[in-house]
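Chemist: Here's a structure for you.
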Amino acid sequence: MGENSGPCSETRMKQKDIPPTPPAWATRWLQWYCRPEILEDLEGDLHEYFDRNVKAKGVRRARFIYILDVLKFFRIYTVRRPQFLNLIIQWIMIGSYIKTSGRSIVRNKLFSAINIIGLAISMSVGLLVISFLSDLLSYDSFHEKKAEIYRVNTTDERNGNSSTLATSSVKAGKSIRETITGIEDVTLMRRGFDGDAAIGENVFPIGGFWADDAFFTVFTFPLVQGNAHTALKEPYSLVITETTARKLFGNTNALGQSVKIGSDTYAVTGVMKDIPKLSHMHFDVLVSFSTIETTKADQDGDLMNWESIYSNYTYITIPDKKDIPTIQAGLNKLAATENTALQNRQIQLELMTLAEIPFQGNLGNPIGPSINKIALWILGGLSAVVILSACFNYTNLSIARSLRRSREVGIRKVIGARRSHVLGQFMAESVIIALLALSVSFLLFLALRTQFLLLAPQLQELVSLQLTLQLVGWFIVLAIVVGLASGILPALFFARINAIRVLKDVSSMQVFRHVTLRKALIVVQYTFSLIFITTTIIGYNQYKSFLTFDLGFTTENILNINLNGVNSDQLAKELEELPEVTGISRSLMVTSLGSIYGTQIKYSATNDSAGVWINRVDENFLPLHKHELLAGRNLHAKPDSTEESEVIVNEQVLKRFNIANRNPARALGEEIILENKKLTIVGVLKDFHYGTLMNDIEPLIICYATSKTYGYLNVKIASHDLPATLASIDKAWHKLDKVHPLDARFYDDQIQEAYNQFSVMVKVIGFLSFLAVGIASMGLFGMVVFTAETRLKEISIRKVLGASEMGLMYLLSRGFLVLLIISALVALPATYLLFDRVILTKFAYHQPVGIGELFTGLLIVIALAGIMISSQTLKVAKSNPATVLKSE
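Rendered as C-alpha cells:
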C-alpha cells in the first residue's frame, strides 16, 4: 500500500507546483483582435492582474475575471484594422493616384504627348524583340521529351583550322548506342533525300531525310496512320506528312500505297501530322535508314567511315541530367580512340540541347533555320538603348518641371501624405503613361511586324511573330518595367521635397543640383544617336563597296541556271537558238557567294599535300567570265569518256607549294595529284575571289568536268526586253523538265543576296538610329520649350535693354549646342575605333572609314537639333516684352 501511494503523491505535488494560467482560448482571441503595437503591453497587464486575482480570489474567479477583461478591452482603439479594410484603402489610394495622374497628363499635354510618343515608338521595337525571342524559345516545344533531347555536334580540327558542324558520322551514332551508358534512345538521320515522286502519270518533287526506327521514339511527331514503332524499320519504307499525302494521293487512303521515286519503289508505312512552324526540322517524307544500309547508297564513300561527318545527324535522349558529364567523357574517349587513325586531323563530339539549336546560327550543315546568338544580343542591346533614350526623355522633362509641381507635392505632404504616398503617386503616373504608350506601340508593332519579316527570307522561315495571350502578358510587363524605370528618378526627387521650405519659398528648392544629371542624360542620348546614325552610314558604304568590289572576273548580264538534274548539253542546245544568248558555259558551282567545295591535292615534286578549293568547269567558263590567265592556256574540251589530265591553278597554289619559285610561266607542265590522278598544270590564273570578301584568297584549282557533275549553266545575255528573254528561257527549260520550275538568278543579284545579312543589319540599325534620333530630338524639343517658357521674362527684359533676336537665339541655344558637341567628341571616336579595331577586322577586304562618313551623321543630328531649337527660341525671341511684363 505504501509502495503504491508514493508515485501518486509525487504527481500531486508536481501539479501543485505548476502555476495556474489564464484560459488559452481567451488569450488567442486577444492576440487575434488586438492591434500589434499595443498587444504586448495589454497582454502583460492582463496576466499581471490574473496572478493577483489568483492569490486574492482563487483560480476559478481569476479566470472568469480574465475573460471579462479580454471582452472589455474589445474596443475601437484596440481592435486591429481588418485586412479587407487595408485592401479597400489601398484600392482607394490607387484610384486617387490614377485620377491625379490623369489630371496631370491632361494639364501638361505637350510634355505628356512627347513622353507617350517617345515611349510608344521605342516600346514597339521592344515588342518586336520580345515576340522574336518568344518564338525562338518556343521552338520544338511540342516534343514531349524536349528537355531530354540532345544533338551530337562535331568539331573538325585540321591544318590549324577548326569548324563546328551540326552533323556527325554514322559510325559515331552507332558507337554511342552500343558503348555509352546513361542514354535512353539514339536516332540517326541523313540529309539529301529528294527526288520526283511518280504516282501514275503525275510527278511531284519531294524532299526529306533518311531516319531509323527510333526516330518516333525520340521525337513527338504523331502518326495519324501507321505504327510509329515499325513504320521506319523495313527497307524502302516511307512516312509522309498529311500535306504530302494529299498532294500525292488526294483523298485516297495513303497507307500501303506504292510511290516510285527515281528508279526505286517505296511503300507508304505511315502518315504523320504536319510539322508545326516552330520546328528546327521540316520535311515532306522520311525514308527508313535501313534503305541506305541495304543499297549502300552512300555519297561520302564508306557509310561507316569515322570521317564521313557532313551528311548525318545523331540525336540522343538523356533522362537524367546528372549523367551528362559521364556521357560527355564517354564521347571524348570514343573520339580519342577513333582519332588515332587520322593524320593532322581531330574530330571531337559535343552535346547540344534541343533548346539551343535555334540560337546556333554559326554551325555548319544546319538542319533548319537559326540565328547567331551574338546577333540576337546586338538586336536586344540596340533596342534597350532606344527604350532607355525614351526613359531619359521622361526623366529629363519630369525633373525640369519640378518647380511647377513642387507646390503640389508640398501641399500633399502638409495634409498628411507620406514619402511613400508621393513615391506611389509619381511611379503610378509614369506607369500609366507607359501603359498609354503601350496601346500606341501595339498598333505600331502590328504595322512593323510584316516589314520586319520582309527584311530577309530567312526571318520568315525562322519566326512567325504570331500573337498569343502569353505574349500580350509579356508586353504588359514590358510597359510596367519601362514605366517604373522612367519614373524612379523623378519619384525619388519629389519624395525628398521639404514641404515647409517649398511652400514658404519655392525658389529655395535645390533643383539646380539636378541640372548636371539632365545634361548628362541629354549627352548620353545624343551619343547613342550619333553612334547609331554613323554606324548606319559606315555600314551602308561598306555594303555598297562589297557589291561593287572587283572580284577579278565579270558578272554582268550572266544568268546562272540551276540544272536540277537536267542534261546541260540539251539545255545549252535549246538556249543557243535564242538570239539574246551570246555565250554559255558550265560549272559545278557559282563562286563568290559563300558556297565552297574543298579537296586535297599533292604536289608531286615534293610530295607535299594541302587543302585547296576547287571548281569544275568547261572550256567556255574562263572566257565567258573574263578570267585573266597569267600564263598558259585554257582547258581543252574533252569527251566525257576521256580521262581527266589538265588543271589550272591560281597564284596562291604556286605560293603554297612554292612551285617554280612562284613563277607562272615556269610552273606550266608541273604535276599535282588529285584523287590519285596526276594532273598537268596548263595554266596559271590570276587570283580572284572564290569565297566572300570576309576571307582571304586561298589556293584554288579549276578542272574539267563531265556533263553529269555540272550544277549550273552560265548564260550570257544581251537583251533590250529582259522579261521576254526570261520567258523564252523558261519555255526552253520546260521543254526538258515539266515538273520543276526554272531556278535562274542573275549573278549580280546572287552576289547582293550573299551579303544580304549585312544589308539586313544596316536596315535594322538604320531604323533604330532613325528612332533614336527622333526620340532624342523630341526630348530636346521638350527641354527647349520648357527652357524658353521659364526664361520668357528674362528674354523680355533683355529685349527691352536692346538685345537682338539673333543674340537671344544664341543665348538660348548655346547650352544645347555645347551638349551636342560633347556627344560628338564621345561618339565619333568611339564609332571609328569600333569599326577600325573590331568590326572591319573580320573582313579581309574592306574600305577604310572616311572622315566624311563620320561627320555626315553629326551634320544630320545638328541640323535636326537646330530645327528643334530655332523653332522655339525664335518664337520666344520675337515675343512682345510689353505683353510678357505687364503682369509684373
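Mapping the sequence shown onto numbering that gives the first Met the number 0, position 682 (from 1) lands on 681, and the numbers just tick up by one.
Even for Gly, the Cβ is constructed at its ideal location relative to N, Cα and C.
Could you tell me the alpha carbon to alpha carbon distance between Ile774 and Lys734, rounded to whole angstroms?
Modeler: Roughly 58 angstroms between the two C-alpha positions.
Chemist: Going along the chain, which residues of its own chain have a beta-carbon closer than 7 angstroms to the beta-carbon of Glu9, five neighbours each way excluded?
Modeler: No answer about Glu9 holds up, because its pLDDT of 47 lies below 50 and its placement is not dependable.
Chemist: For Gly199, count neighbouring C-beta atoms within 10 Å of its own C-beta (all shown protein chains included) and say buried if the count is 16 or more, exposed if not.
Modeler: exposed
Chemist: Over what stretch of residues does the beta strand (DSSP E) that includes Phe208 continue unbroken?
Modeler: 201-210
Chemist: Applying the 10 Å Cβ sphere with the 16-neighbour rule, what's the burial state of Asn395?
Modeler: buried
Chemist: Nearest-angstrom Cα distance between His279 and Asp139?
Modeler: 7 angstroms
Chemist: Which residue from Gln599, Ser603, Ala666 puts its Cα closest to that of Ala630?
Modeler: Ala666
Chemist: Ordered along the chain, which non-local residues of its own chain (more than five positions away) have a Cβ less than 8 angstroms from that of Ile859?
Modeler: Ile532, Val772
Chemist: For Thr352, which residues of its own chain have a beta-carbon under 7 angstroms away from its beta-carbon, when the five flanking residues on both sides are left out?
Modeler: Tyr149
Chemist: Which full runs of the beta strand (DSSP E) of 3+ residues lie inside the segment 504-583, going along the chain?
Modeler: 557-561
Chemist: Let's see if you can read the secondary structure: which residues bound the beta strand (DSSP E) around Gln347?
Modeler: It spans 344-352 - the beta strand (DSSP E) in which Gln347 sits, taken as one unbroken run.
Chemist: Hey, how far is the Cα of Thr534 from the Cα of Arg448?
Modeler: 24 angstroms
Chemist: Less than 7 angstroms between C-beta atoms, sequence neighbours within five positions excluded: which residues of the same chain meet that for Lys637?
Modeler: Tyr703
Chemist: Given Arg512, which residues of its chain have a CB within under 7 angstroms of its CB, disregarding the five upstream and five downstream residues?
Modeler: For Arg512, the predicted structure reports a pLDDT of 47, less than 50, and the residue's modelled location is therefore unreliable. The matter cannot be settled from this model.
Chemist: On the DSSP bridge list, what partners appear for Gly631?
Modeler: Gly682
Chemist: Determine the contact status of Ser584 and Asn713, defining contact as a CB-CB distance below 8 angstroms.
Modeler: yes
Chemist: Tell me, to the nearest whole angstrom, how far the beta carbon of Ile120 is from that of Gly778; I am working on the premise that it is less than 8 angstroms.
Modeler: Rounded, the Cβ-Cβ distance is 12 angstroms, inconsistent with contact.
Chemist: Which whole-angstrom value is the C-beta distance of Val58 and Leu29, which I expect to be below 8 angstroms?
Modeler: Not a contact, Cβ separation roughly 19 angstroms.
Chemist: Which one of Thr242, Leu247, Gly269 has the shortest CA to CA distance from Tyr235?
Modeler: Nearest C-alpha to Tyr235: Gly269.
Chemist: Straight-line CA distance for Leu529 to Ala864?
Modeler: 12 angstroms
Chemist: Go through the segment 102-166 residue by residue and report every complete run of the alpha helix (DSSP H) that reaches 4 residues or more, in order.
Modeler: 108-136
Chemist: Could you have a look at Tyr689 and say whether DSSP puts it in helix, strand or coil?
Modeler: Of the three classes helix, strand and coil, the one that applies to Tyr689 here is coil, per DSSP.
Chemist: Assuming Ile115 and Val439 form a contact by the criterion Cβ under 8 angstroms, report the distance between their Cβ atoms to the nearest whole angstrom.
Modeler: So it is a contact: roughly 7 angstroms between Cβ atoms.
Chemist: Comparing alpha-carbon positions, which option in Glu42, Ile37, Arg79, Pro19 lies nearest Asn52?
Modeler: Nearest in C-alpha terms to Asn52, of all of Glu42, Ile37, Arg79, Pro19, is Pro19.
Chemist: On a Cα-Cα basis, can you pick out the residue from Asn343, Thr830, Arg836, Leu839 that is closest to Gly856?
Modeler: Thr830
Chemist: Can you tell which of Phe358, Asn392, Lys625, Lys144 has the C-alpha that lies nearest to the C-alpha of Lys320?
Modeler: Lys144
Chemist: Please determine, among Glu36, Thr243, Leu491, Gly690, the residue with the shortest C-alpha to C-alpha distance to Ala753.
Modeler: Among Glu36, Thr243, Leu491, Gly690, the Cα nearest to that of Ala753 belongs to Gly690.
Chemist: Starting from Met271, follow its DSSP beta bridges and name the residues at the other end.
Modeler: Leu222, Thr240
Chemist: Figure out for me which residue from Tyr539, Leu231, Gly225 has the closest Cα to the Cα of Gly255.
Modeler: Gly225
Chemist: Give the single residue among Pro622, Lys543, Thr547 whose Cα lies nearest to the Cα of Thr581.
Modeler: Pro622
Chemist: Looking at the strands, I want to know which residues DSSP matches up with Asp263.
Modeler: Ile260
Chemist: Suppose contacts are defined by Cβ-Cβ distances below 8 angstroms. Is Leu550 in contact with Ile600 by that definition?
Modeler: no
Chemist: Measure how close the beta-carbons of Leu678 and Ser644 come, nearest whole angstrom, since I'm counting them as under 8 angstroms.
Modeler: 6 angstroms
Chemist: Determine the direct distance from the alpha carbon of Phe110 to that of Leu872, and round the result to whole angstroms.
Modeler: Checking the sequence shown, residue 872 turns out to be Thr, not Leu. Their Cα atoms are separated by approximately 17 angstroms.
Chemist: What number of angstroms, rounded off, separates the C-alpha of Val565 from the C-alpha of Glu573?
Modeler: 12 angstroms
Chemist: What is the rounded straight-line gap between the Cα of Ile868 and the Cα of Met782?
Modeler: 9 angstroms
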